[in-house]
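Working notes, beginning with the structure itself.
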Amino acid sequence: MTQGPPRYLLGLAILFWAAITERVVPGLICALLIEGANWTRVRWAFGEKAALVAWRLAVLFLVMAMVLVLLQGGSRLTAMSRVFTWLPVIMFPLQFVQSYGTSRTLPLSTFSMMVRRRRAHALAHGLPYREVRFSFGYAYLCGILLACSLGENAGAPWFYPGLILIVFWAFVSMNWKSVGLATVVVLLLCALGGIGGQRGLTALYMYATTGNSSPDSDPTLNNARERNTSIGDMGKLKQSPEVVWRLIQEKGPLPRLLRVASYNTYSGTVWQAQIPRDRNTDAKDFEALPELGNPANPDDPEDSFQICPPGLPNQSVAIDPQLNRFKIRGVVPDRGGLFPLPANAASLHQFAFEELERNSFGTFKIKPSQPVSDARVLWGDEFATEAPPWESIVSEGKAYSRMGSIRAFDTKPSGRNRGWSVIHLSDAERNLLRDGKFQGRPWPWRSMIPSGRPKWRLVQPDLSIPPKEAKVLAEIVDELGLRDGSTIERIERLREYFLSNFRYSKYNSVPRDLEGLLRQNKRLRSVLRDEDRTLIATFLQYTRAGHCEFFATSAALLLRESGIPTRYVSGFAVVERNQETGETVIRGTHAHAWCRAWDEASQQWFDVDLTPPDWTGMETPRMSRFQGFQDAMQRLREDLLVWRDQPGHMAIITSILLTPVLIGLGFLGRNLWKSRQQLEATKRKKRGPVVLAETPLLSLEKAARKVLGERPPGLPLGSWLLQLSPRISSPELLAEAVRIHHGLRFDPQPGDPQAGSRLQSLVREIKNQLTKRP
Numbered sequence: 001m002t003q004g005p006p007r008y009l010l011g012l013a014i015l016f017w018a019a020i021t022e023r024v025v026p027g028l029i030c031a032l033l034i035e036g037a038n039w040t041r042v043r044w045a046f047g048e049k050a051a052l053v054a055w056r057l058a059v060l061f062l063v064m065a066m067v068l069v070l071l072q073g074g075s076r077l078t079a080m081s082r083v084f085t086w087l088p089v090i091m092f093p094l095q096f097v098q099s100y101g102t103s104r105t106l107p108l109s110t111f112s113m114m115v116r117r118r119r120a121h122a123l124a125h126g127l128p129y130r131e132v133r134f135s136f137g138y139a140y141l142c143g144i145l146l147a148c149s150l151g152e153n154a155g156a157p158w159f160y161p162g163l164i165l166i167v168f169w170a171f172v173s174m175n176w177k178s179v180g181l182a183t184v185v186v187l188l189l190c191a192l193g194g195i196g197g198q199r200g201l202t203a204l205y206m207y208a209t210t211g212n213s214s215p216d217s218d219p220t221l222n223n224a225r226e227r228n229t230s231i232g233d234m235g236k237l238k239q240s241p242e243v244v245w246r247l248i249q250e251k252g253p254l255p256r257l258l259r260v261a262s263y264n265t266y267s268g269t270v271w272q273a274q275i276p277r278d279r280n281t282d283a284k285d286f287e288a289l290p291e292l293g294n295p296a297n298p299d300d301p302e303d304s305f306q307i308c309p310p311g312l313p314n315q316s317v318a319i320d321p322q323l324n325r326f327k328i329r330g331v332v333p334d335r336g337g338l339f340p341l342p343a344n345a346a347s348l349h350q351f352a353f354e355e356l357e358r359n360s361f362g363t364f365k366i367k368p369s370q371p372v373s374d375a376r377v378l379w380g381d382e383f384a385t386e387a388p389p390w391e392s393i394v395s396e397g398k399a400y401s402r403m404g405s406i407r408a409f410d411t412k413p414s415g416r417n418r419g420w421s422v423i424h425l426s427d428a429e430r431n432l433l434r435d436g437k438f439q440g441r442p443w444p445w446r447s448m449i450p451s452g453r454p455k456w457r458l459v460q461p462d463l464s465i466p467p468k469e470a471k472v473l474a475e476i477v478d479e480l481g482l483r484d485g486s487t488i489e490r491i492e493r494l495r496e497y498f499l500s501n502f503r504y505s506k507y508n509s510v511p512r513d514l515e516g517l518l519r520q521n522k523r524l525r526s527v528l529r530d531e532d533r534t535l536i537a538t539f540l541q542y543t544r545a546g547h548c549e550f551f552a553t554s555a556a557l558l559l560r561e562s563g564i565p566t567r568y569v570s571g572f573a574v575v576e577r578n579q580e581t582g583e584t585v586i587r588g589t590h591a592h593a594w595c596r597a598w599d600e601a602s603q604q605w606f607d608v609d610l611t612p613p614d615w616t617g618m619e620t621p622r623m624s625r626f627q628g629f630q631d632a633m634q635r636l637r638e639d640l641l642v643w644r645d646q647p648g649h650m651a652i653i654t655s656i657l658l659t660p661v662l663i664g665l666g667f668l669g670r671n672l673w674k675s676r677q678q679l680e681a682t683k684r685k686k687r688g689p690v691v692l693a694e695t696p697l698l699s700l701e702k703a704a705r706k707v708l709g710e711r712p713p714g715l716p717l718g719s720w721l722l723q724l725s726p727r728i729s730s731p732e733l734l735a736e737a738v739r740i741h742h743g744l745r746f747d748p749q750p751g752d753p754q755a756g757s758r759l760q761s762l763v764r765e766i767k768n769q770l771t772k773r774p
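Here full-length UniProt numbering is used: the first residue of the sequence shown is 1, the next is one more, and so on.
Right under this line is the structure:
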């Protein structure tokens, strides 16, 4: 294809790209330079060498874009897509050569060394060779549209209509005479199909990455409210060996566990974080952390600590210089994520973020302001980042009146709780219910009827047990004598039980659809009792082998049955230290699950990890040959990004990158300016003192320019105007006019005296046909 895009199409597409990617300044510069070719007669005689230089410049711009993306950080999965959003700038040198060159096309040999060698071989040996040339304009347009599709605002409602408009304009301009109703219908059908495809792919991507098909959902809140365990997933549990976080020790030991989220309600194979109803939504349960200025640097208002424990009376103890401390460094998605911290974190220091919040379970949610999150963590055993367990009472009546504040616990009635509404327990009602005692059970069954009040009973969410698991759990608790003794003694008995009778296994042989397996296996159905037909009961009674989620879930439910408030925790174990760097790395294979138990005597939560300790050896995979190199490159990249974000360092990087670019652009601009001046001087020298006659055909040049664009330098007027032949109904009139023009302008012999008037009438008719062309 030798014909390029119509006027202003490329400029409009570039401005559209600037709006989509929010790169207004580069977009305006590129659009003005490209469309400036339609407003000026300045041209250069660019040859193959200039096109090759433009191609190498484009490759250089591509490398620079990759460096910029590297410095910006972000996910490696989207790195190349972010590079491609710079395609209009990367491909600009080639389009500049196309727009301002005297040739309408670029040779294919510009982009391929193999083609250049084949051509040289053919010319050297006298072999036939056909040069392939094409207009680069439409290739540039495709690059612009691809960059638009990958832009930040590609999901905006106005993106797709704008894209359709540009594509329709480009399609029609190529062959506007053949556009009919059928063409319009086909384009509309393609546009409608694209809408469905776009929405479907977006929903599929969101479902695959966040578990929710809505693009407006917050994956961070989804992870904070619910944990889908791998309990019941058949086969071997597989996790990634890639490094997700790094711990840099500064003072004291490192914590053994890093919590990501805690949950208090178990159902099936899912743990959920049920919140008080007065919070209304999960988002309202998250609150910003209080800040405390650094007493060692009072003059800097930005130097502050974020206090992690809720309701701390004396916040200064959380920034004590004697506390253990370490740095945690890793990448959080741009949309935000959960931040792993020790459950007894005291404060965070030197931490840049856009949003940082904590919920009542001690789960931290962050929206980063920098590509790599880097924070100093102060921690100590005396701190806890979650609220104490709360108690609630349930009422059988729908309408009742109470004095004081009523706060509800947000949980769906199920099993034993079905038909009951739940409200928080006041001090007076707690005393009434405690008088009724609990009859040795972890929750009360004795109904109480205060004067003029409906039935009440106490509910403690951190002691709730699924009805299907209750009988098996009660048998094991009674067998082990877990109802007696202190909290620590009961936990140690349970630990010994797991160590003596269970083993860790990454392979799961019990499917999630246990009922389906029982229907197929009569022998197994005869062995399992009705109360054992759950995944946890099967693990506790028969298989006695599983991964950490089995142990954490079973331990949490058994401790609840014994009367100890317990929560399920997901996070990471701190087990691998890099001897060369002195850092501790957290890989995907270090993901772990354990419990948090409440000690009534000390009024404090503490970690309970009853998974057999040999699990770390089984979860440490054999590293690939290049894993060490990948870890080193990731560490170098993250450290570079952290260094870049420090004050003054970005200016150093910018100067290093821009200095050679500005020097190169200045050199190219100087050469272009000199070549333009030499070209104009050569044209003036060739014209000499010869005075040529003016003919009426010269007045046709302005009208022809609107159709053909600017006349390339060196192309005769007659040859250029003959390109209008397909655009008028009587091309023979144009040929006759050109012939008369040549005779009047260049023939030294006098011709027909009527030729001038004849040429004037022909020019008038040609203008009319151009005006009335379909």
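Where is the CB? At the ideal position from N, CA and C, for every residue including glycine. Predicted model only: the values in this text are computed from it and were never measured.
Whether residue i touches residue j by CB criterion (7 Å)
| i | j | result |
| --- | --- | --- |
| I29 | G11 | no |
| Q760 | I728 | no |
| T21 | T85 | yes |
| A58 | P93 | yes |
| I536 | E475 | no |
| E386 | F361 | yes |
| S304 | G311 | no |
| A375 | L356 | no |
| I328 | L378 | no |
| F700 | V763 | Note that residue 700 is Leu in the sequence shown, not Phe. Yes, these two residues count as a Cβ contact at 7 Å. |
| M91 | G143 | yes |
| R713 | R199 | What sits at residue 713 in the sequence shown is Pro, not Arg. Contact flag unset, no. |
| L323 | Q306 | no |
Residue environment, residue i, which counts as buried when at least 16 other CB atoms sit within 10 Å
| i | result |
| --- | --- |
| I195 | exposed |
| A51 | buried |
| M403 | Low per-residue confidence applies at M403: pLDDT is 26, beneath 50, and the placement is therefore not dependable, though the value from the model is reported in the following sentence. Answer is exposed; the Cβ neighbour count stays below 16. |
| P371 | buried |
| P696 | buried |
| C190 | exposed |
| H649 | exposed |
| Q579 | exposed |
| D478 | exposed |
| W17 | buried |
| P689 | In this prediction, P689 has a pLDDT of 49, which is less than 50 and means its spatial position is unreliable; what the coordinates show is noted afterwards. Answer is exposed; the Cβ neighbour count stays below 16. |
| F626 | exposed |
| A681 | In this predicted model, A681 has a pLDDT of only 47, less than 50, meaning its place in the structure is not dependable; the value taken from the coordinates is given anyway. Result: exposed. |
| L106 | buried |
| E561 | buried |
6 Å CB neighbourhood of residue i in its chain, flanking five on each side removed
| i | result |
| --- | --- |
| F339 | F364 and I366 |
| P26 | V89 |
| A556 | T566, Y568 and C595 |
| T110 | A51, L52 and W55 |
| G666 | none |
Same chain only: Cβ atoms within 7 Å of residue i, ignoring 5 sequence neighbours per side
| i | result |
| --- | --- |
| D599 | T487 and F606 |
Sequence-distant residues of the same chain with beta carbon closer than 8 Å to residue i, five excluded per side
| i | result |
| --- | --- |
| T265 | W271, Q272, A273, Q274, T411, P461 and S464 |
| L499 | P612 |
| Q95 | L10, I34, F136, G137 and Y140 |
Could you give the uninterrupted runs of the beta strand (DSSP E) lying entirely in the segment 321 to 381, keeping only those of 3 residues or more?
-> Counting only runs of 3 or more, we get 324 to 330, 337 to 339, 345 to 349, 355 to 358, 364 to 367 and 373 to 379.
Hey, is the segment 602 to 612 in contact with the segment 539 to 553, meaning 3+ C-beta pairs nearer than 8 Å?
-> Contact between the segment 602 to 612 and the segment 539 to 553 is present, with at least three C-beta pairs closer than 8 Å.
Output the residue ranges of the alpha helix (DSSP H) runs that lie fully inside the segment 28 to 115 and measure 4 residues or longer, sorted by chain position.
-> 48 to 72, 79 to 84, 87 to 90 and 92 to 100
Can you list the alpha helix (DSSP H) stretches of 4 or more residues lying completely in the segment 124 to 201, in chain order?
-> 137 to 149 and 159 to 174
For the segment 488 to 501 and the segment 570 to 582, state whether three or more C-beta atom pairs, one from each stretch, are separated by less than 8 Å.
-> no
The segment 148 to 167 touching the segment 123 to 131, judged by at least three CB pairs closer than 8 Å | no
Determine contact between the segment 375 to 390 and the segment 340 to 349, defined as no fewer than three beta-carbon pairs at a distance below 8 Å.
-> yes
Where in the segment 527 to 604 do unbroken runs of the beta strand (DSSP E), each at least 3 residues long, occur, reported from the N-terminal end onward?
-> 566 to 573, 584 to 587 and 591 to 599
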